[in-house]
Structures are given as structure tokens and as C-alpha cells.
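Accompanying notes for the structure given below.
Chains as they are written, first to last, in the working numbering: chain A, 1 to 891; chain B, 1 to 588.
Right under this line is the structure:
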């Protein structure tokens, strides 16, 4: 890269030699028309619209593929350029239907824009043959009308090069060419994952969303915000018209770089769904009646005060929400701690990454991704375990596939042959819950073959001796047998991992176990031993499941932590908050979620306040949870829909969705990103932050309601890792914590010099299996998880009819051999039962799962969690949701 | 008993299609019956080149060249020639000019002016027997290079020889090798482009069928020069015989360790793989060819990067054509100076042309660069069939253009052909006579290119289609004079803005014919041309023959009453004209 000077249209421009003419021009505000170029893709130079004239060169050159050279003099609008460019556009038009007035893409079409810009008449001199195809509407979310396709090929390249799915390709050749989906039997029969990244990038109306609402772009507004689904934190524009979301447009920004998944792109319809809660409801004689906000607040204030006075502060508990903003979670825990004076506040992070927080805090310093999402593409080795990344964190999954295309190796250790396993260089199909046996065996190989990083161990870690004693005793063959895999694969994985710049990516498959903390610590051992942490492109990366589960934890919606993981039992911390909030803070750690439920069951918890959570679906052993909730005297649920949990409530408060409020979400890579209000709250609903603050006013009439921005300023003041955050600084790109001050640009990867706790700590860990093993009565292992199209307890995705058509009900995945033994066929119904309960599910036969194991998504009410095990990890109280023994019987 | 006679039977695709394989079987069987196996050897060779006269059988040492042999002639050749030593006069070539039988090929005009370097072994050796190739100094060039020359020296020889790519582009071969050799890295590739796709061109096929080892040897030399250890022959699946012979040759070469590890004890490893193409014309374009080998859709990519920088598997790759390779062993053996002494200033050596169309002697001819078109058409080609008027020659296939009468004396080389609006191309040469309609000819080529366009870039994908549509409109007499301007404008635009060579050259046949024969286009545009044959009423006796042969049934009339042609329906096929015995039909 060298700095050079060029001339474009006689204007002298300084640029660097790595740029193409198109990029250099764009940097300087000169927009050269193009259809096939995309900054994220290698130039294709196929549309031939971006031609420019370069002095001294006889032929016109495509600016997208020609690099600038010092002294180049370029014209983007000479007569020669105009003639050639207009001719090409005219040729495209000659092959395109002239139906703009009724086209869905009207006002949002590059062909239309360029024809207008360059004065090209709609009357075409060629009057030639136009191809006609049948519109393929088989996909539920979008359609393809090949007549309108100008064959820029962006959809094909994005699908293969960026999304990594390769569902699209060119069919036929020459003038007969058209874009078709794999196997050419229509979109729905292909391997398309409906991410819609083709739709978002189609320059014409060929690939279009099946919009529920008719709209014209000039009547819409665009609002940039952050996706409300998984922890990736994709950036997009909400396109709205008349207080209704009509479309989502991805943005080519960090972290998603213009990509989205099916949920982010298409599952927005819940926002304007008719079933939204629009007014407060109070239960009387077993039935809900509408109420005013004032009445509801008064009742809540009265009841909570009553239980507080009557049964003590710890008879009340609150559940915050990983779906709400940082500001709202901050307010919620402040409300519980300041006005109810208890630390009984937790949220569903308890069920997902509690073991990450406990496992990494003690070994490294904090429980978050050490690296950035953008680094995924630069890992030399990607070790995926306990995460079905392409379904749960689709955009990160796509980046993994991009890394693979860039030459990275992929290791997958999973009970199921997940999609990424097909891309893997080493795939180890382990039995659920045997992760530690695998990691120990890998570390034994690394030790035996001396592949560990001696100097890193010496300089950066402690307790290696005690740890390695355990590893020395590991019998690789025995562990391979435990995992149900072969030794060779373990060796290969160990060698690959140890000898490259490697990143580990894990999620619930590692954490949701009765020894989950040890699973996580074992991962830390592996990374510390090989020096694969504390540097760019190498680290330990727990993938957080919900949009703001990282932020909810950061904000202290945890019984032991005040915001920023500041401990309630730390006197100086308490002193700081006591001063700021003007109340005494309880020095005792509060109850964790499962213990809150148990407390409700046993009668010690009398009142609960739940903001945007649905434990009646998400928690283990639903029968037990329901009983517990029935026993609670007073339950407040604040949500956007009448959830399964809301049905148990005494008061329901209608909340607004992410689209109706301002705030921030912190994504899985610790990036604090803006959420912006795109539409007014639906009906009488209010943003959660407003509700909490209005309620606070009941407790404290002097309390003045703050805006989200003002609350973030308060957070920054009290929270060292958020100290440098303010709305102005994160307006364009979010910052990754720790953000030490208002000048600090955030932290791309953690621990370059030293770990949060000083030295990295090795923990000696022996393999200990799951609490419940299959036996004669319950012969199968049930493992649970998410699927691409649904999210969590389907409160949101379930309100998108396309998704419900695809996945309307609970199902199990079962191996064909096991299915045959049980005389089960595809689409049969079975009862899956455990020692705790049973549930009905449809049969999906799949060879991707082992014979001893069945899989069931946890999304559906009265589904997987009717049978899951409540046994807890001793340290962090995470339940063993990932393994339990079940029996299967045909209905 | 001493071996007395060698019978060479042409085993090229053309002659085999006319039973030459059966002839070999029959010959061998009869010789066995006659117990003459020790005296007579039957060899199936590659193509002799004089394809219009096939099947060809040559008998040595008498040097007798039998043409148009039929299966039933075999017995006579055996009993008369082989047994009794008497030449079968009726099977000799009939020289149309001198009107006499010619016995030996060296006395035929067709062969007299030829100079065979690339085709040197075709029709001379058994391509399926490596020892025959070795007997004609086969693999000697490779041995010399490996034992005496450095890689740089080989490239210098190639540069000094001034050999240029015979696939059409005419890029200096030595320079291409040098560019590839200079690239860093140990993994490089040599690709032989055997995706011969020009309609009418078949020299590459003939070379592969007749002399496959020369290509293998040349590829190994190229590999040595560039530091590549792997060669790939990309050949179209429609060439089964060539593929079979290549496979046989590779197997034999491996057995002799002319391919494989440590060739000639030099430490140099080289092996060759065959990849089959599905017959797309665009796959002859080197970047599309590489994409196809890699298993991708056969589409060209932008250049730069050139294959010499990033080719197969993104590694430096040299793509050379079959005929180019066929010259290389001779250049090594005889020296760069010898080679560069042949030809014109900027085009050295020889070029093989596939001579076809309205010409007497149809076949493959190899002539020194600088030979004039007149020599090829009138001397080698024996002039126009039926003594008709020469109109033009289409060279360069669908990428080329026409050469007219006024340029008959142009010495042929890369530059001169370009200067007169045509191109060398891969060497297709189609001779057109006074009856040929130039608009129809260019429409034929456009139909080909618009069908073979890969569809990647807009100008080629839609533009060639639109050009074809305009030509159709014109020939259907539905066009107008403005169409010619639109056509010409569009042609230039496609040339200037297409992504690869296919699109950039696709308009050439139209532009060239528009230049030389604009009046024919104008006649269509002004609709002053009649496309129909006509019946002269006075001459027609109503024999009904014409109406019976007309494929579109546009001739009507009662017996013994003059017939009438429906001019709007006539497709001008000429069947009626040929059928009429009373000269009652006139051409359009």
C-alpha cells in the first residue's frame, strides 16, 4: 500500500495503490454506477456498467477490477464511457419487463435509478426477445422472478462466498441464463436457509420479500438499530411506514458486515402482531380484566410493600430480561436493590452461561468472549464445541465458513452432525456431557507430543504442575471410549488446535451441565496450555444466546453482582453504590433463578416480578415450575405478549418491543450498540424502562424519569468497564468493553498483557459424567437445543406465520436405526418421558444424530423442559438441561 | 521372410467414420489367411490431412496413395497390389486440374506446397505405439533439454524461435513461459488447451489422434522450463478417439519413464492428467478453461490476474494450445534459428489450416507463415468447386472475418490478417463462392456465438442475442436501413465492452462482412433482395419433380403445367434447382 495521486474527471485525488478505481472514486464522492460490485466480494467485472476511460489506454476498463496507479488520469463520464455504459444498460432493459409501476421494487431498483440518471428511454430500440419464467414462490419469505433478473450474480456470490450456503447458482448459459436454486426444483427444495441476504442485495425486483404490507419507499422511514434476536448484534435499518415495520435492511457495518439470518431479516412481524399486549391487565377471580396504568402501578406498589413488610425483603424476587436493553436491566436491578432492598435478582443467563461466568472469572478474569466476531474470519483453526453455530448464531456461522474458504481448519466436537460438521476438517461425534473427557484427552496428546507453549505457561499462568498431574494420568483410549469417538480424531484435533492460532467457540453444549463450571475451566486449561488466548485471532469465545444476555449480566441483573461484575460482598463496591443510590446494599448474595423457583415452591418467595422472561417454557422440569408459580402469592409479568408465564400473573404490564424504544444492547463480543426507536409504542404499551421508572416513582415520588441516554451516563459513572460509553461515542459503531474512559476506543480482544485476575489459572479437572445416565427404563439420552427458525420460547418467532408453518410443533430428531428399532417413521408422534414428566413430539428421522441420543428443541411450551433434569452445577447453579435419560413410546 | 510391404491406413476420426477401422481388421484378416503376416505390416496411423479424399490408404515402400477407399476395395488392394504388386489405378487421386491420376502424394498439389512441422508424424506413425514415436526421434528433445539445458536456456530457445500461440491469440510462447517461470512458488501447472471449438477447425484433434506423444513430450519440456511438475490436458469429451490415444500414450510414456518421477535421471518429475470438457466453446478461453478444470462453471474471469500469475488453483499456470506444443520438439531438435528462418518477420514457422467449404481439396494443410491465400486456395486447395467464382474466405471461425478477392495475395500471418479485419484464430478456413450469402454466413456465426456465450457479462449475453435478432429480421426481410446502423453500433460496443475474448470477437464476422459486403446487407434492409428461387414459365414443362423435392412444399402446379413457387415460403434451399433437368429454375 503506497500513497499515490490520480486524477478523476480532472480532479486530483490522493489515494492508495491497493484501491480499485471504483473505491478511490467512491472515497472522494464520485459514484460510478455498478450492478455486480460489492465491497465484500472479489470484483467480478461482469455487468460492464462501471467502465471508465483511462488516459493512454485504448480500451475502456471496468473500474471495479482495475487498481489505481500513480499518475492515472481517469474519466468517468467521457463520451466513450457514456456510450458504452448506456448501451449496456439499454441492453439490460431490452431484456427486462417494462412494468415498473406495479413492481414491488419500484423506487428501490438500480436499473430504474440508472435509466433515470442517464436519460435512457424506456422505449427500447432492440425490441427483442425477453425471457419469461415462472415466478418461484416456494420459499415462505421471498420469491424469485427471474424475468427481472439482470444476472449481476451478486446473490450467487453472496450465498456462496459470504453466507457459505451455496444454494444459488447460474443455470443454462448465454441469453438463456437464469439464477436457480440448488437441484433446480424450486427454492423450497434447495438447501436455502432463507437468510435473505440475496434479497437484500438484489439490485432489481428479481428477488423480493413476500411483503405483508404494500408500501412505496418514498413513504417510509429508515431507523438504524440492533437486531433483537441472538447475541451477534447485527446492525440493520428498520424500514417503517405508518407505525408499522415493512422491511428490514441489513447494514454493512460491524459486526454483521451486511449479513442477516432468517430471523433478523424476516421475523419482524411480531412487532405489529394483533396479539400484542396493549393495556395493563389485572387478574380478578381467575380472569384478566383491563386496567389503567395508574391502577396497576398502585396495586403493585401496595402488594410489594406488603410482602416486604410482612415477610421480609427476601420474600420478593425479580427476574430481569436478556431481551431488554442495558438501561432497562440496570433500572430493573436498581429497582429490586434500591426499593426492595434485596439481591434476589437474576435472569435467564443462569440457564445458559452461568458456568461461563463462574468458570472463566476464576481462571481468566471475566466470563465473556475474549475476541471479536470479526476475528473469526482470521482464525487459523476454529474449534467448535457445544454450539450449532450456523443455526444459533448464523452470522458467526457464516464467518466460520468464510474462514474455511480463506484456508482455516475447522474442528467440530458435537453430539450431532451439525451443518458445520460437514465443513469440518475433524469432526468428533461425542456423547452429550463428555466434553471434559475429550478436552483432557486432547491435552494429554498435547502434553505427550510436547505441543504446549512452555514460555506462555511460565510467563502467564499458574498452578500448571497440579493440573498436569491429572493430565498425565489420562488414558486417551479410555476417554475416546467415553466420548464414543476414535483416538485418531482426538489426536488430529489436538495437533491442529495446538499448532495454530486457534479460537474455541462454545455455547450451551458445554455449559448446561451439572459440572458445567468444570467444562468451562477445562476449556480454559486447553487454551492456556497452548497459549491460544490473550492474543488476536485466538481465544475462548462463549457465544451468548440472546441479544442482550451479555448486557443483562453486565448490568448486574445477577444476585451476586452489581453492574460491571462488582461484587455485592465487596465493601468498597457497596459503599460506592450506597452513596450513589442512597440506600444500604445487602452484602449477602441473593437467590439464583432455580433457587427462586424452589423458594416459590417451598413458600419462602411470596412475590415475583418478571420482566420479559418466560420460565414456564425455558426452565427445567416444567411441572415443578408450574407448581411453584401457582404457589406464588403475587406475580407481576411485564411482557409484549400473553406468554405462558403471563397466564400465571396477577398483574400484566404491556411492554414495548425493541423497535419502540431507545437504548443499548451489548452483543456477545462485548460491543455496546445502539437501539433506536423506529415506531411509537403499540397501543397503550410502554418501554420497559419507562414502566420501571414510573413504578419507581410510586416508591419514591421525588424520582425523576430519565431518558435512556441519561441512564447510560449513570451506568458509565458507576461501572468501570462501561466508563467510556456514551451515546455520542457509539452512534456509528458500538464500542467493546472494557471502555476505560471517554477517549478509550474499547477492547477488541482481552488480556494481551495479563489476565483479569493476573495470571491464568490452571484447574485440575477429572472427567465426571452427567448426573443421569440412560438405563433400562430410560434408555436414551435426550439433548436439547435451538433451531435456526425459532428463538428461545418462541414468544417472538411464534408470531411469524411463515415460521409457524415450517416448525409448528415440538419434535425429536432420532437416528434411523433407533427409529427402526422402535418402529417409528417420519412424522409419527411419540411420547418422550423422563423421571420428571413427559411430552409429545413429532418424529424427525435424521442420520446426523447418534443411536443412543435424541435431540429436541426447547422452544415449545410443555415440550423439552417437561422432561429435562433440574440437577444443578454446585458452583453456578446452572441446571443440566443438556443431558437427561428418557424413554420413547409411539403414540 | 523379410518384411516387404507396409500398409498405412488412416485412423483419424473422419476416415474411421468411413469404415477405415473395419478396413484395418479386414486387411489383417486377409493377410493372415494369405499367411503373409511376416511380409506385410498393417498400421493404423493418424490423419493424412487430405480428409476430403478419405478414407486413405498408403502403401509403402511404393508410396502409393489410395483415396476414397471403400470396404469392398480392400480385396482388390490385396490381390492386385499386395500380392501381385500392381497399382489399383481406379483408387488413385484424380487431379481435377491436370485431369490425370496421381500415384504419390508428393506429386499432388495438395501436398506440394505444404511444410509439415506440427503434422510431421500424422499419417506416418502408429500413434498407439510409443516405439514408433521414439523411432522418429521422439522424446529425444526432452532428453536433450533435461541433460543439457537449464530451464532458462529452454525459455531462451523458445523466445529465440519466436513461436507464437497457435490457438488464435498469437501470444509469444517463450514470453508466456518466462512470465510463468518468474512467478514465485513451487507449485505451477502446464495446461494443454485441447478444447478445440471453432466450427470447422480440427487440427488439434488430428494432432492428438495422430501424434499424441509429441504433445506429452512438449508439455514435459514446458514443465521443465517453468518449474511445473504437473500437466493437464483439457480436451473436449466429443473427441473420444483423441482421448483414447492420449490415455494410451500417457500410459506408455509412464512405462518408459518419460513421464513420472526423475525423468532421464535428471531429478525432474513430471506427470500429466486428462480432464474432459463438456464442449462449451467459451472453455477454450483460458480463464474459463481453468474454471472448468477446477470444477466450476465454465466462465471466464477478469484479467489481470493472468493465469501465468494466478491460474489453476490460483497457482502460476501456462496454458498452451495443442498445435503450439506440437512444434516444440522440432524446435529443440533443429534449433530456434531453423524455426525462426521459416515464415514472415513477426510470424515464424508454419500454421495448420483446416481447409473447407466450396473448395476442391478439403483437409488439413500446414504451410509456412507468409504463404498467400491464393496459394492455399488455388494451389493446395485446387480452386473452387465446379469452377465457380471465389468470393471470400472466412478465417478465424466465429471470432474472425472474411478475406476477399482483393486480399488473395496477402501473405498470411497474425498481423496481416488482423489488418484486413479477420484473424488467424485457430486456423479454420472456409472458402465461400459466388453462391454464398454473406449475411447468412455472418448470421450463422452469430447464432453460434450467442448460443455459446456463457452469459456472464451483459454485452455478450444480451448483445449477441440482439445482433442475431437483427440479422434474422434482415434475412426475413423484416428489417429496415436503420437496423444496419444499430447493428454496427452494437457490434462495436460488444467488441469494446465484453469481458472475454469470446464477446470481444463475436461481432467480427458481422463487422467484416458489413465492411466488404455492405451492399448485401443493404439489399436485405431495403428488401430489394428476393430470397426465393423462381421458375421460368417458358422452360417449365410441369414434370413435378421440383414440387416433390421441396421440403417446405411451397411449389405447386399440375402435371404438364408450369409450376409456381410461393416466394414468401421459399427457404432457398436449392433442392428444386438441383432437381430441375430443364434449367427452368433460377436462383434468387
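Backbone N, C-alpha and C fix where the C-beta goes; we use that ideal spot for every residue, glycine too. As the structure is a computational prediction, the values presented were derived from the model and not from experiment.
Excluding the 5 residues flanking residue 132 of chain B on each side, which residues of the same chain have their C-beta closer than 6 Å to its C-beta?
Taking the first residue of the second chain as position 1, residue 132 of chain B is located at position 132. Cβ within range, chain order: 125, 126.
Kindly list, in the order they appear in chain B, the residues whose Cβ is closer than 7 Å to that of residue 404 of chain A.
Counting from one through the first chain, the residue named residue 404 of chain A turns up at place 404. Below the 7 Å Cβ cutoff, chain B contributes no neighbours of residue 404 of chain A, its closest Cβ being approximately 16 Å away.
If you follow the alpha helix (DSSP H) that residue 688 of chain A is in, where does it begin and where does it stop?
What you label residue 688 of chain A is simply residue 688 of the first chain in a count that begins at 1. Run containing residue 688 of chain A: 688 to 699, per the alpha helix (DSSP H) assignment.
Does the Cβ-Cβ distance between residue 622 of chain A and residue 862 of chain A come in under 9 Å?
As a working mapping, residue 622 of chain A is identified with position 622 in the first chain. As a working mapping, residue 862 of chain A is identified with position 862 in the first chain. Yes, these two residues count as a Cβ contact at 9 Å.
Can residue 268 of chain A and residue 383 of chain A be called in contact, C-beta distance under 9 Å?
Residue 268 of chain A sits at position 268 when you count from the first residue of the first chain. Residue 383 of chain A sits at position 383 when you count from the first residue of the first chain. No, they are not a contact pair.
Please confirm whether residue 393 of chain A and residue 152 of chain A have their CB atoms less than 9 Å apart.
Stepping through the first chain from its first residue, residue 393 of chain A is reached at position 393. Stepping through the first chain from its first residue, residue 152 of chain A is reached at position 152. No; because the gap between Cβ atoms is not below 9 Å, this pair is not in contact.
Are three or more beta carbon pairs between the region 539 to 557 of chain A and the region 348 to 365 of chain A nearer than 8 Å?
Here the region 539 to 557 of chain A lies against the region 348 to 365 of chain A, with 3 or more beta-carbon pairs under 8 Å apart.
Would you list, in chain order, the members of the region 491 to 511 of chain B that have their beta-carbon closer than 8 Å to a beta-carbon of chain A?
493, 496, 497, 498, 499
Own chain residues within Cβ distance below 7 Å of residue 577 of chain B, not counting five before or after
Start at 1 with the first residue of the second chain, and residue 577 of chain B comes out as number 577. The answer, listed in chain order, is 533, 585, 587.
I want to verify the contact list: residues of chain A whose CB lies under 8 Å from the CB of residue 455 of chain B, in sequence order.
The residue you call residue 455 of chain B lines up with position 455 of the second chain. Chain-order list of chain A residues neighbouring residue 455 of chain B: 151, 170, 172, 173, 174, 175, 176, 177, by C-beta distance under 8 Å.
Give a yes or no on whether the C-beta atoms belonging to residue 113 of chain B and residue 323 of chain B are separated by under 9 Å.
For the purposes of this step, residue 113 of chain B is taken as the residue at position 113 of the second chain. For the purposes of this step, residue 323 of chain B is taken as the residue at position 323 of the second chain. No; because the gap between Cβ atoms is not below 9 Å, this pair is not in contact.
What residues in the region 77 to 98 of chain A have a beta carbon less than 8 Å from any beta carbon of chain B?
83, 84, 87, 88, 91, 92, 94, 95
Going by alpha carbons, who is nearest to residue 210 of chain A out of A:136, A:251, A:150, A:185?
On the first chain, position 210 is the one that residue 210 of chain A refers to. The option with the nearest alpha carbon to residue 210 of chain A is A:136.
Residue-chain proximity (residue 19 of chain A, chain B), Cβ-Cβ < 9 Å
If you number the first chain from 1, residue 19 of chain A lands on position 19. Output row for residue 19 of chain A: interface = no.
Flag this pair as yes or no: are the beta carbons of residue 5 of chain B and residue 59 of chain B separated by less than 9 Å?
In the second chain, counting from the first residue as 1, residue 5 of chain B sits at position 5. In the second chain, counting from the first residue as 1, residue 59 of chain B sits at position 59. Cβ atoms of residue 5 of chain B and residue 59 of chain B: closer than 9 Å.
Using DSSP's beta-bridge definition, name the partner residues of residue 60 of chain A.
On the first chain, position 60 is the one that residue 60 of chain A refers to. According to DSSP, residue 60 of chain A bridges with nothing at all.
Three-state class that DSSP yields for residue 175 of chain B in the structure shown:
As a position in the second chain, residue 175 of chain B is number 175, starting the count at 1. Of the three classes helix, strand and coil, the one that applies to residue 175 of chain B here is helix, per DSSP.
Tell me where the beta strand (DSSP E) around residue 670 of chain A begins and ends.
Against the first chain, residue 670 of chain A aligns to sequence position 670. Taken as a continuous stretch (DSSP letters only), residue 670 of chain A belongs to no beta strand (DSSP E), as it is neither H nor E.
From what residue to what residue does the beta strand (DSSP E) around residue 433 of chain B run?
What you label residue 433 of chain B is simply residue 433 of the second chain in a count that begins at 1. It spans 428 to 433 - the beta strand (DSSP E) in which residue 433 of chain B sits, taken as one unbroken run.
May I have the straight-line CA-CA distance separating residue 813 of chain A from residue 491 of chain A, to the nearest angstrom?
In the first chain, residue 813 of chain A corresponds to position 813, counting from 1. In the first chain, residue 491 of chain A corresponds to position 491, counting from 1. One alpha carbon belongs to residue 813 of chain A, the other to residue 491 of chain A, and they sit about 30 Å apart.
Give me the subset of the region 49 to 73 of chain A whose CB atoms are less than 8 Å from a CB atom of chain B, sorted by chain position.
49, 51, 59, 60, 62, 65
Specify whether the region 669 to 679 of chain A and the region 588 to 605 of chain A touch according to this definition: at least 3 beta carbon pairs, one from each stretch, less than 8 Å apart.
no
Do residue 360 of chain A and residue 368 of chain A have their C-beta atoms within less than 9 Å of each other?
Counted from its first residue, the first chain places residue 360 of chain A at position 360. Counted from its first residue, the first chain places residue 368 of chain A at position 368. Note that the C-beta distance between residue 360 of chain A and residue 368 of chain A is below 9 Å.
Starting from the beta carbon of residue 45 of chain A, find every residue of chain B whose beta carbon is closer than 7 Å, and list them in chain order.
Counted from its first residue, the first chain places residue 45 of chain A at position 45. Close partners of residue 45 of chain A in chain B (Cβ separation under 7 Å): 302, 499.
For the region 126 to 138 of chain A, enumerate the residues whose C-beta is nearer than 8 Å to any C-beta of chain B, in chain order.
Correct list: 126, 128, 129.
Unbroken alpha helix (DSSP H) runs of length 4 or more, entirely within the region 398 to 462 of chain A: which are they?
419 to 423, 435 to 448, 454 to 460
Restricting to Cα atoms, I'd like to know which of B:433, B:100, B:496 is closest to residue 62 of chain A.
Here residue 62 of chain A is taken as the residue at index 62 of the first chain, counted from 1. The option with the nearest alpha carbon to residue 62 of chain A is B:496.
Identity of the residue in A:142, A:402, A:476 nearest residue 196 of chain A by Cα:
Mapped onto the first chain, residue 196 of chain A falls at position 196. Residue nearest to residue 196 of chain A within the set A:142, A:402, A:476 is A:142 (criterion: CA-CA distance).
Check whether chain A comes within 9 Å of residue 469 of chain B, counting only Cβ atoms and requiring the distance to be less than that.
Within the second chain, the letter at position 469 stands for residue 469 of chain B. By this cut-off, residue 469 of chain B is an interface position.
Out of curiosity, what's the CA-to-CA distance linking residue 808 of chain A and residue 292 of chain B?
For the purposes of this step, residue 808 of chain A is taken as the residue at position 808 of the first chain. For the purposes of this step, residue 292 of chain B is taken as the residue at position 292 of the second chain. Those two C-alpha atoms are separated by around 44 Å.
Taking the alpha-carbon positions, what's the residue 16 of chain A to residue 25 of chain A distance?
Taking the first residue of the first chain as 1, we reach residue 16 of chain A at position 16. Taking the first residue of the first chain as 1, we reach residue 25 of chain A at position 25. Cα to Cα, the separation comes out at about 12 Å.
Just reading off the alpha helix (DSSP H) that residue 148 of chain B is part of, what are its end residues?
Looking up residue 148 of chain B in the second chain gives position 148. Per DSSP, residue 148 of chain B belongs to the alpha helix (DSSP H) from 140 to 148.
Determine the extent of the beta strand (DSSP E) in which residue 833 of chain A is found, giving its start and end residues.
Locating residue 833 of chain A in the first chain gives position 833, where the first residue counts as 1. Looking at the DSSP string, the run of the beta strand (DSSP E) that includes residue 833 of chain A is 829 to 833.
Is the closest heavy atom of the ligand COA to the C-beta of residue 313 of chain A under 8 Å?
Among the components of this structure there are no ligands whatsoever, and the ligand COA is therefore not found.
Between residue 676 of chain B and chain A, is the shortest Cβ-Cβ distance under 9 Å, so that the two count as touching?
The question about residue 676 of chain B has no answer here: the residues shown for chain B are numbered 1 through 588.
In three-state DSSP terms, what is residue 277 of chain A?
Taking the first residue of the first chain as 1, we reach residue 277 of chain A at position 277. Residue state, collapsed to three classes: coil.
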